[in-house]
Structures are given as structure tokens and as C-alpha cells.
Amino acid sequence: MLYIFDLGNVIVDIDFSRVLGVWSDLGRVPLAMLKSRFQMGENFEQHERGEISDEQFAANLCAELDVALSYEQFTAGWQAVFVGLRPEVITLMQQLRVRGERVVILSNTNRLHCDYWPSQYPEVQQAADKLYLSQDLGMRKPEARIFQRVLQEEGVSAADAVFFDDNLENIEAARQLGITAVHVTDAQVVPDWFAHRG
């Protein structure tokens, strides 16, 4: 079997309110104002596909939020999204590989985060056979083609793949392709799913 894990809120806890908190402090803008303006729109999607640079993304987002931040301040906030590892998921990934199963990560991410999290959480890369990252592939979930690319590269049919993600839109896209998809709504979902399958 091929086991496909999303990164954020599946393997590593993330919290965007932490990002906005740092930007609020550094930009001296009320947090409530930032929260009301913050949205993951076209700028986010272009960044995750690698279509725009980190600097352009930062400039666009600061303009959307109407907050004056240096690139260094923007980056400091952007990296605050990471809360910590889910060690029980890392353990499960390692156990699957010991059993001879194939374990990969499929993440909508960006260069800024990829310059950061591997050094903070080296266990993540060590627990996976391969990383499929949106900005490297030029496509992002929930686009069908990104799932098809992973299946093709892994030489696996949809029926032989299991996908874990915290975003319902991504889950539904995977299911439409015939992939078994598990919606991860909290830290217990993945361990419980494997526990029920022995």
C-alpha cells in the first residue's frame, strides 16, 4: 500500500493565529483587524504552486492586510505557524516503512516554509520515503492532477493508496479519484484509524 500524509495538522500541528499574532505585534496593527482581512486566496495558491516568489507573496499579503512589515518581520511571523510534531504519527509512519509499506508526504507548501521546517523537524523527512511538495510540482491540492502525479510516480493505483489530510476539500478530491481518504480533524484520528485496522 501507498500511504500519503499531508504535513500541516496531520504530522505537524500548525496554527495561523500565531502568524497573525506576530504580525500584529511587529506591525502594531490590532489582531482583530488582521483576522478580519486574512484569507487564503489567489496569492496563496500562486505561492504554493511556485508561480510567485516569496518576496512577491510577502508584498502582496502585506498589501492585502494593510500592514507595514519588513521581509524579515514577515518571515518571522510566517514561520510561527509551526506548533510542534505529532510524535505518534511519526512512529506510525516509521512502523509502516519497517513493514515494507511506501510512505510519502503530499503538502501544499512554499519555499519559505521548506527553508524552515526540515531543520526544526528532521524526524519528518526521516519518516517518509519521499516528499511531494506543491511548489516543486507546480500544482496543489485539491487539483486532481497532483494526486495523479503522485500515483503515477509511485506506480500505484488509486485503490492501493490511503491519504490523510485535514482539509475536507482535499479529502473529497482524493475520494473522487478512488483513493481511500481519511479526514484528520484532530490528533487522535490517524492513530485511531490504524488501531482499528490492527
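Residues in the sequence shown are numbered consecutively from 1, following this note's numbering. Where is the CB? At the ideal position from N, CA and C, for every residue including glycine. Note that this is a predicted model, so its numbers are computed, not measured.
Leaving aside the five residues before and after Phe163 along the sequence, list all residues of the same chain whose C-beta is less than 6 Å from its C-beta, in chain order. The count along the sequence shown starts at 1 and reaches residue 163 at position 163. If you ignore the 5 residues before and after Phe163, its C-beta comes within less than 6 Å of the C-beta of Ile4, Ala174, Ile179, Ala181, all in its own chain and listed in chain order.
Under a Cβ-count criterion, where at least 16 other Cβ atoms within 10 Å of its own Cβ denotes burial, should Thr109 be classed as buried or exposed? Residue 109 sits at position 109 when you count from the first residue of the sequence shown. It counts as buried.
Could you compute how far the alpha carbon of Leu200 sits from the alpha carbon of Leu26? Past the edges of the chain, shown from 1 to 198, lies residue 200, and the structure says nothing about it.
Near Arg140, what residues of its chain come up, given a Cβ to Cβ distance below 7 Å and the 5 sequence neighbours on each side ignored? Within the sequence shown, the letter at position 140 stands for residue 140. The residues are Glu45, Glu48, Arg49, Asn108, Ser134, Ile146.
Which partner residues does Leu133 have in the DSSP bridge list? Locating residue 133 in the sequence shown gives position 133, counting from the first residue. In the DSSP output, where bridge partners are listed per residue, Leu133 has Ser107.
DSSP-derived helix/strand/coil call for Tyr71: As a first step, residue 71 is located in the sequence shown; it is residue number 71 there, counting from the start. If DSSP states are grouped into helix, strand and coil, Tyr71 belongs with the helices.
Within 9 Å, strictly: CB atoms of Ala144 and Leu177: Locating residue 144 in the sequence shown gives position 144, counting from the first residue. Locating residue 177 in the sequence shown gives position 177, counting from the first residue. In this structure, Leu177 lies closer than 9 Å to Ala144 by Cβ.
Anticipated Cβ contact below 8 Å, Val67 with Leu34, distance rounded: To locate residue 67, count along the sequence shown from 1; it is residue 67. To locate residue 34, count along the sequence shown from 1; it is residue 34. Between Leu34 and Val67 the Cβ distance is about 7 Å, and since that is below 8 Å, they are a contact.
State whether the segment 3-19 contacts the segment 74-92, with contact taken as three or more CB pairs (one from each stretch) at a distance under 8 Å. These segments touch.
For the 8 Å Cβ check, are there 3 or more pairs between the segment 92-111 and the segment 28-42? no
Integer Cβ distance of Leu69 from Trp117, believed to fall under 8 Å: Here residue 69 corresponds to residue number 69 of the sequence shown, with the count starting at 1. Here residue 117 corresponds to residue number 117 of the sequence shown, with the count starting at 1. Leu69 to Trp117, Cβ: 21 Å. No contact.
Check Arg102 in the structure and name its three-state DSSP category. For the purposes of this step, residue 102 is taken as residue 102 along the sequence shown, with counting starting at 1. Three-state DSSP puts Arg102 in a strand.
Residues that Gly84 bridges to, as DSSP identifies them: For the purposes of this step, residue 84 is identified with residue 84 of the sequence shown, where counting begins at 1. Answer is Asp13.
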